[in-house]
Amino acid sequence: MAEKYNTREERRKQGQAQKKAPKKGPKKPTNMLKRVFLILVTIGIICLVAGGATLAYFISDAPKLDESLLKDPVTSKILDEEGKLLGEVGTENRDFVNYEDIPELVEDAFLATEDSRFYSHHGVDFLRLGSAVLANVKNGFGSEGASTLTQQVIKRSYLTPDKTIKRKVQEMWLAIQLERKYTKQEILEMYVNKIFFANRANGILTASQTYYGKDLDKLDLNEVAMLVGLPQSPSRYDPYKYPERAKERRDIVLHLMNKHGYISEQEMKKAQNVKITAGLQEVDKNQIDTTAYDAFIDLVIEEVGNMGDYNVFTDGLEIQTTIDKDAQEYVYKMLNSNDIVSYPSEDLQAGVTLLDTQTGEIKAVGGGRNTNVKRGWNYATDAKRSPGSTIKPILDYGPAVEYLNWSTYQPIKDEEYTYFDGTPLKNASGTHYGTVPIREALARSLNIPALKAFQEVGKERARDFAIDLGVPFDKDKEINESASIGGGTDVSTLELAGAYGAFGNGGIYNEPHTVKKIVLRDKTTIKNKTETKPVMKDSTAFIVTDMLKSVMTESYGTGRLANIPGLPVAGKTGSTNFTPAQRAANNIPASGVKDSWMAGYTTNYTVAIWAGYDNNAGKKMEYLGDSSQRIPKYIFKNLMEHMAQSKTTKDFEQPSSVAKVGVIKGSNPVVKANQYTPSDKISYEYYVKGHEPTQVTTEYEKIDTPSVSASYNQESNEIQLSWSHSDGDPQFEVQMSVDGGSKSVLKKSKDTSLTIPNPTPGSKYTFSVVAIVDNQRSDPAGATVQIPSAIEEEPEEEEDIEEPAEDEDLEQDTPTEDEGNEDEDKDKNPDQGNTDNNGNNGNGNGNGNDDATKDDEDVEDEDPGKVDEDKPADTPEPAPAPDPEKDKNKNKDKDKENGN
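Read in my numbering, the sequence shown has 165 at position 67, and its numbers run on one by one without any break.
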C-alpha cells in the first residue's frame, strides 16, 4: 500500500530525507575483510616462499649420508698446550652388538625413554615436535627437544650439537632420508652402539660390562633402566660420583616403561626400591697405569662432556688442552718411582694437581701411584678428604682480612679454649704460646687462634668466602666450628689448588680446567667458557700470601721442608687425625695421621698434594708415620723447583691498597716504631690502607753523637783515633775509608781508641764512629786525617856509610832494640792496623744498618752474635813507608837462614 502524504511539500521533504539516509547492509565491512584476507594470504605466500627457500638452502647445505660415519665412530685428537699431538682417543673401549642380540627388555627401555612412537613415524615425530614447539615458544628455544632415535643417530654422526634452526632442519631432513635407506632395526642397532655412557663406555654392550660385568641378557630391570638413563647426560648421572642423581634418572626410566605398557606398576616399584649401587662393579685397582698422560686425559674426556653433547670417543674432535707435557711426565715419574721421592709402601697413595696461577689452566695431574682403575679413578680429583689445616687461609684468616681488615700483625691469644658447645680444642703441639700475631699463629698452624678468627668473622661469611673459592661447602647448610681446622667438608687436590690459586692471583678465581677449545669435524671452534671472577680484595690476597710465605721461611713455620731458597713461594701444610676408637682398634700411635697435605703457590704455579691410604672398610687401617707425613712437602719442593727452571718467577707485587708499617715487636695494642727504634725491635708488617696503627712509640729517643778526634803521629808513623760518648756504656762501631773509597768496619767494641799503623803516605783517611745503645744507633761522627807525602830520603853520604862487618855479625846474634819492640808490639796486638775493605760482614756501605753481626749469626760453629772486642777486623795493611834499616835487617836475616 502506497504511503500517503498530506501535502506535496511533505512528500518532497520525505524523498530528500531518504536520499540523505545512509545505505543499509554490510557492503563496506565486506570490502575491508577482503582486503585483510588478501594481505594475509600475500604475507603467507611470501613467508612460504621465503621459508621454502630457506629450508631449501638449509637442506642443500646438509651433508650426505655416509654409512661409515653411521656405524664407525671417529677418533678424537688430543693436543698439548702448544698444539702438538698428545694422543688419540677412539674406539678401543667399544663392544658391538647386533640387533638380534639386543634383549627385548633393553629395546623396550630405550623406546619408552627416547622414542615411544619409533616404529610408527618416518624419522620425524611431528606430534611430538608440535608439543616441543609450544614448549619452546613458552619457555624459550631449546627448552624441550623432540628428537627421535633416528634424529639422534644423524646428530651424533654428522652434525654439531648446537641448538640452531639450521641444524634442526638438516637433522629432520637427513632423518627422513635415513629411514628411506635403512630399516628400523638397523637404525636402532646404530643408535645403541653409538651412544656414550660415561666412564669410557661406548655402546650399550660396553656399558653393561663396565658397570655390571654382565652381558646384556643377564641384566636385571633396575640395571637396564640405570644404563638407559645415562646417555641424556653421562657425566651428570654417573652412579659412582652422583648416585642420588643416577637413582632419580633411573626411576624416571622405569616410570616411562610403565606408562607405555612395557612393565607393570608392581615391577616398576620393585625396581625403584633397589639401591642404585646394587650390582655395580667394585672399582678395579689392579691395572697398572703405564701412560704418563692417562690421568690428565681422563679429566679432558669428562670436561669435554660437560661442555655439551660431545663424545671424544666417537665425534672426531680436535681438543686443544692445557697440559704441560714435561710437567706431566715429571709428576708421573715422581709418583711411580723412588728416583725423586722415596715411598715407604706401594699401598701409599698420592694425588697431585699443578695449575697455572694466573689462568687456572691445569698443567699436570698426578692421578695416583702405580694404579689405573678401569673407570678412570683419579686420586687428584676423585679422592676427597678432610683438608686439615690447609683450610685455615680459606676459612679463617682470609675472611678475617677481607671482612675485618686484619693485618699480618693482628694480635690473637693462644690459650686454653673450647668450641661453642664446650668441647675442648688443643693445638697439635699440646702447648700454648700466649698472645701472638696471626702471622705466627698461621705459620705454627695453631688451632685455637684459627677458631677464634673463624668466630670473629662468623660462620656464614666464612662459609660463603670458601664457596667462592670453589670449596664444596653447602650454601644452604650450616657448618660446624670444627670446619675452622679442617672438618665439615672433604676436598680434592684440584679444588684446593683452585682456591689457593686465587690468593696468588690477586684475588681473582679461575675455575681449574684442562681444555682450551675443541674443533668439530666441520671446523666449528668451541671455546671452553670457564668461570673467572673476583672473590676477594687484592689487599686480602697479598696479606694472606705474605703470611703464607712465613709458613715456608720462618724457623717455626711448618712448611720449612718444602721451601725453595731464592724462590718467592707461599704455602700451607695440613694433616688429619684418627678418632680415639680407630687408634685403639688399629694400634695407631699418637704421632700417626690419616692424611697429609701440602698446598702452595708462586706467581706462576699453584700445587696441591694429598698423601694417604685408602683404608677400605673391613681392613686394618694404615697410617702415615713421621717420615711419610713429609712426602707432600718433598713432592711440592721438587715439583716447584722443576717448574722454576723453565720460567722466571717474580715476587708477589704489593698492591696500592696495602701499606707496609714498622711496628714494635710484641706491642699490644700495636704501636708504630719511630726513627730511633733499634732495628731488632721492629717488625715490618702489612696493613690494609686506612687501618694502620696510629700510635707511635715514645720508648726510644735519639742517641747522642759521639765526639771523635784523629791525628797522625809522624814519629811512630801511625794514626791515633779516639772517641767518647756521654750515654751509659755504649758499644761503638768504627768505619774507615781511604781516599774516598768504600767504607769498611774496623772495629765494633766498647773501646774508645784505635791505632792505625803504617798509613799510606799521601793518602786521606776518613773515619766514622757510631754509638750503639741497646741496638739503637746514633748519627755517625766523623774525623779526617791527611797523611803527609813520603819522607824525603836521607843524604847520600849517610846512605853510603856501611856498617862494620862485626856489627853485622853482632846484629845476626842479637835483635836490635827496634826489632825487639816491633815483635813485642805484634805479640800484643798481632792484627792491629789490618783493615779489610769488605768489612766484617762484607757490607762496607756505611749505611748505618747494624749489619756487622749478621754474618756472625750465620756461622754455625761460633757463638751467634759474638764479636771480638779486642781486635779490629782483618783488613789489608796499608803499604809501609820505606825503612832502610829494616831492609838491612831483612837481608841479614836472609843471610842467616842461608848459612852465610
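Ideal Cβ positions, reconstructed from N, Cα and C, are used throughout, including at glycine. Values in this document were obtained by computation on a predicted structure and should not be read as measured data.
First through last residue of the beta strand (DSSP E) which encompasses residue i
i      : result
Tyr495 : Taken as a continuous stretch (DSSP letters only), Tyr495 belongs to no beta strand (DSSP E), as it is neither H nor E.
Val691 : From DSSP, Val691 is part of no beta strand (DSSP E); its letter is neither H nor E.
Thr623 : Thr623 to Lys625
Leu183 : Leu183 to Val187
Leu453 : Gln447 to Asp454
Ile489 : No beta strand (DSSP E) holds Ile489; DSSP gives it neither H nor E.
Asn320 : Asn320 -> not in any beta strand (DSSP E); alpha helix (DSSP H) instead, spanning Leu319 to Gly327.
Tyr296 : What sits at residue 296 in the sequence shown is Ala, not Tyr. That residue, Ala296, is in no beta strand (DSSP E); it is neither H nor E in DSSP.
Ser255 : No beta strand (DSSP E) contains Ser255, which is instead part of the alpha helix (DSSP H) from Leu247 to Ser255.
Assigned secondary structure, residue i (DSSP; H/G/I helix, E/B strand, else coil)
i      : result
Glu955 : In this prediction, Glu955 has a pLDDT of 32, which is less than 50 and means its spatial position is unreliable; what the coordinates show is noted afterwards. Reduced to three states, the DSSP call for Glu955 is helix.
Trp708 : strand
Arg875 : strand
Pro663 : coil
Tyr782 : strand
His72  : Outside the displayed range of the chain (99 to 998) lies residue 72, so it cannot be described from this structure.
Arg215 : coil
Glu576 : coil
Arg483 : strand
Ser366 : Before going on, a small fix: residue 366 reads as Met here, not Ser. Three-state result, Met366: helix.
Trp504 : coil
Met719 : coil
Thr638 : helix
Tyr428 : helix
Ile421 : coil
Gln773 : coil
Pro828 : coil
Trp271 : helix
Asp512 : strand
Phe552 : helix
Lys614 : strand
Ala564 : helix
Asn941 : Because the pLDDT of Asn941 is 36, which lies under 50, any placement of that residue in the model is unreliable, and the question is left without a value.
Neighbour-count burial assignment, residue i, 16 or more Cβ in a 10 Å radius
i      : result
Lys647 : buried
Lys550 : buried
Leu397 : buried
Lys779 : buried
Tyr785 : buried
Gln250 : buried
Arg278 : exposed
Ile707 : buried
Thr455 : buried
Pro857 : buried
Arg347 : buried
His611 : buried
Beta-carbon gap between residue i and residue j smaller than 8 angstroms
i      : j      : result
Ala564 : Gly604 : no
Ile460 : Trp504 : no
Lys292 : Thr412 : yes
Tyr360 : Ala210 : yes
Ile801 : Ala869 : yes
Ile492 : Val569 : yes
Ala478 : Ala393 : yes
Leu327 : Ser487 : Leu is not the amino acid found at residue 327; the sequence shown has Gly there. No.
Val499 : Asp566 : no
Tyr703 : Ala541 : no
Val429 : Leu452 : yes
Val794 : Val768 : no
Arg875 : Gly710 : no
Limits of the unbroken alpha helix (DSSP H) element including residue i
i      : result
Ser306 : Ile302 to Tyr310
Pro730 : Ile729 to Ala742
Three or more C-beta pairs closer than 8 angstroms, one from the region 826 to 842 and one from the region 860 to 873: is that the case here?
Result yes; three or more Cβ-Cβ pairs closer than 8 angstroms.
I'd like to know if the region 188 to 208 and the region 303 to 314 are in contact, where contact means that at least 3 CB-CB pairs between them fall below 8 angstroms.
Touching, yes, given that three or more Cβ pairs across the two stretches are closer than 8 angstroms.
Taking three-plus beta-carbon pairs below 8 angstroms as touching, is the region 648 to 661 in contact with the region 718 to 725?
Because the criterion of three Cβ pairs below 8 angstroms is not met, the region 648 to 661 and the region 718 to 725 do not touch.
Sufficient close CB pairs (3 or more, under 8 angstroms) joining the region 621 to 629 to the region 426 to 433
Using a C-beta cut-off of 8 angstroms, the region 621 to 629 makes no contact with the region 426 to 433, since fewer than three inter-stretch Cβ pairs fall below that distance.
Count the CB pairs spanning the region 745 to 760 and the region 725 to 737 that are closer than 8 angstroms, and state whether there are at least three.
Taking 8 angstroms as the limit for Cβ pairs, the verdict is that the region 725 to 737 does not touch the region 745 to 760.
Check whether the region 680 to 687 touches the region 576 to 593, counting contact only when three or more Cβ pairs, one atom from each stretch, lie closer than 8 angstroms.
The answer is no - the region 576 to 593 does not touch the region 680 to 687, with fewer than three Cβ pairs under 8 angstroms.
How do the region 527 to 534 and the region 448 to 468 stand: do at least 3 beta-carbon pairs fall below 8 angstroms, yes or no?
Here the region 527 to 534 makes no contact with the region 448 to 468; the two share fewer than three CB pairs at distances below 8 angstroms.
Touching by the beta-carbon criterion (3+ pairs, under 8 angstroms), the region 303 to 323 and the region 204 to 218:
With the cut-off at 8 angstroms, the region 303 to 323 and the region 204 to 218 touch.
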